[in-house]
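Visitor: Questions regarding the structure given below will be posed in turn.
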Amino acid sequence: MKLKITVICSVVFSLFFFLLLFLVIFFADVTDSGENNKDSSIPEGGVTVSPEVLAHRPLIEKYGKEYGIEDYVSYILAIMQVESGGTAEDVMQSSESLGLPPNSLSTEESIKQGVKYFSELLTSAEQQGVDIDSVIQSYNYGGGFLNYVRSHGKKYTYELAEQFSKEKSGGQKADYPNPIAIPVNGGWRYNYGNQFYVQLVSQYLTDTSPTELMMKPCKSLWTKP
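Read left to right, the sequence shown gives residues 1 to 225 (the UniProt record's numbering).
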């Protein structure tokens, strides 16, 4: 009787062991397959960045390296997505940062200037001790916003962006029926830059952005600033 019980226990234990081993191997294989099937063509700009934007990645990387901000490629891609969707000739809409009329630059000139301008904003932000969201908003508002943030706690908030635009516009409003704006204020913005610029850009950022400057992704809602 004892021998029979011992044999049964051994069989049950063996079956349990092999079942457990099978499950471990199966789930390991599924995990590996999932990793291998990730779309390697979209490594940093977020899954919602368009193919038209991603086509400019080599030039962004080229000038990112030239200006020492190669770790910020994801931010440039996200900004380009918001500025033009990668389809305009002046893809970074950077002509005005040189004091030129809008759309004055060729595509490569636009990327070079956009990357250069972003690098200058980063340097200024580091010197003033303000955060990356302030840099993003400053791409839209200009470097004066960094000074404004420094004087108001050194950390970006939507309220600061709104107040800055209110002051610069003299309180003049414009209709802005954007899905991001509607839940906040019913669909308007002050008529200076775009107070929702950080929210627009952050749609296209993922946790592959530089760790110390990480932003969480959210559902893509809109493109144009």
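All C-beta atoms in this analysis are idealised placements derived from N, C-alpha and C, irrespective of residue type, glycine included. All figures in this text were calculated on a predicted structure; none of them were measured in a lab.
Quick check on glutamate 89: buried or exposed, where buried means 16 or more other Cβ atoms within 10 Å of its Cβ?
Guide: In the sequence shown, counting from the first residue as 1, residue 89 sits at position 89. Exposed.
Visitor: Assign alanine 174 to one of two classes, buried (16 or more other C-beta atoms within 10 Å of its C-beta) or exposed (fewer than that).
Guide: Against the sequence shown, residue 174 aligns to sequence position 174. Residue environment analysis places alanine 174 among the exposed positions, since fewer than 16 neighbouring C-beta atoms fall within 10 angstroms of its C-beta.
Visitor: Quick one, which of Ala78, Ile111, Thr206 and Leu77 has its alpha-carbon nearest tyrosine 63's?
Guide: Walking along the sequence shown from the start, residue 63 turns up at place 63. With distances taken between Cα atoms, tyrosine 63 lies closest to Ile111.
Visitor: Could you pull out every unbroken alpha helix (DSSP H) segment of at least 4 residues lying fully inside the UniProt domain "CwlT-like lysozyme" (51 to 204), listed in chain order?
Guide: 51 to 54, 57 to 66, 73 to 83, 107 to 128, 132 to 141, 144 to 150, 158 to 169, 182 to 185 and 197 to 202
Visitor: At the level of alpha carbons, what is the spacing between isoleucine 180 and lysine 116?
Guide: Residue mapping note: residue 180 aligns to position 180 of the sequence shown, counting from 1. Residue mapping note: residue 116 aligns to position 116 of the sequence shown, counting from 1. Cα-Cα distance, rounded: 29 Å.
Visitor: Taking the straight line between their C-alpha atoms, what separation do you get for isoleucine 79 and alanine 55?
Guide: If you number the sequence shown from 1, residue 79 lands on position 79. If you number the sequence shown from 1, residue 55 lands on position 55. So the alpha carbons of these two residues sit roughly 14 Å apart.
Visitor: Please report the straight-line C-alpha distance between serine 169 and tyrosine 141, rounded to a whole angstrom.
Guide: Along the sequence shown, read from residue 1 onward, the residue named residue 169 stands at position 169. Along the sequence shown, read from residue 1 onward, the residue named residue 141 stands at position 141. So the alpha carbons of these two residues sit roughly 12 Å apart.
Visitor: Where does valine 47 sit, in a helix, a strand or coil, going by DSSP?
Guide: For the purposes of this step, residue 47 is taken as the residue at position 47 of the sequence shown. Caution is warranted here: a pLDDT of 46 is assigned to valine 47, below 50, making its placement in the model unreliable, and no coordinate value can be reported.
Visitor: What whole-angstrom Cβ distance do serine 50 and glutamine 81 have, given they're in contact under 8 Å?
Guide: Counting from one through the sequence shown, the residue named residue 50 turns up at place 50. Counting from one through the sequence shown, the residue named residue 81 turns up at place 81. Right, their Cβ atoms sit about 6 Å apart.
Visitor: Could you say which of Ile182, Glu159, Ser151 and Tyr75 lies nearest to serine 119 if we only look at CA atoms?
Guide: Numbered from its first residue, the sequence shown carries residue 119 at position 119. Ranking the options by Cα distance to serine 119, first place goes to Tyr75.
Visitor: Using CA coordinates, which residue listed in Val130, Tyr204, Gln113 and Gln137 is at the minimum distance from tyrosine 192?
Guide: In the sequence shown, the residue the question calls residue 192 occupies position 192. Comparing Cα-Cα distances from tyrosine 192 to each of Val130, Tyr204, Gln113 and Gln137, the minimum goes to Gln137.
Visitor: Output the distance between the C-alpha atoms of valine 53 and serine 106, rounded to the nearest integer angstrom.
Guide: Here residue 53 is taken as the residue at index 53 of the sequence shown, counted from 1. Here residue 106 is taken as the residue at index 106 of the sequence shown, counted from 1. C-alpha separation (whole angstroms): 15 Å.
Visitor: Would glycine 187 and asparagine 178 be called neighbours here (beta carbons separated by less than 8 Å)?
Guide: For the purposes of this step, residue 187 is identified with residue 187 of the sequence shown, where counting begins at 1. For the purposes of this step, residue 178 is identified with residue 178 of the sequence shown, where counting begins at 1. Yes, they are a contact pair.
Visitor: Distance check for valine 198 and alanine 161, CA to CA, integer angstroms please.
Guide: Within the sequence shown, the letter at position 161 stands for residue 161. Within the sequence shown, the letter at position 198 stands for residue 198. Approximately 9 Å, taken between the alpha carbons.
Visitor: Among Gln127, Gln128, Asp133 and Pro102, which has the Cα closest to the Cα of glutamate 205?
Guide: On the sequence shown, residue 205 is found 205 positions in, with the first residue counted as 1. For clarity, residue 205 is leucine in the given sequence; the question names glutamate instead. Nearest option by C-alpha distance: Asp133.
Visitor: Decide if serine 165 is buried, meaning its Cβ has at least 16 other Cβ atoms within 10 Å, or exposed.
Guide: Taking the first residue of the sequence shown as position 1, residue 165 is located at position 165. By the 10 Å Cβ count, serine 165 comes out buried.
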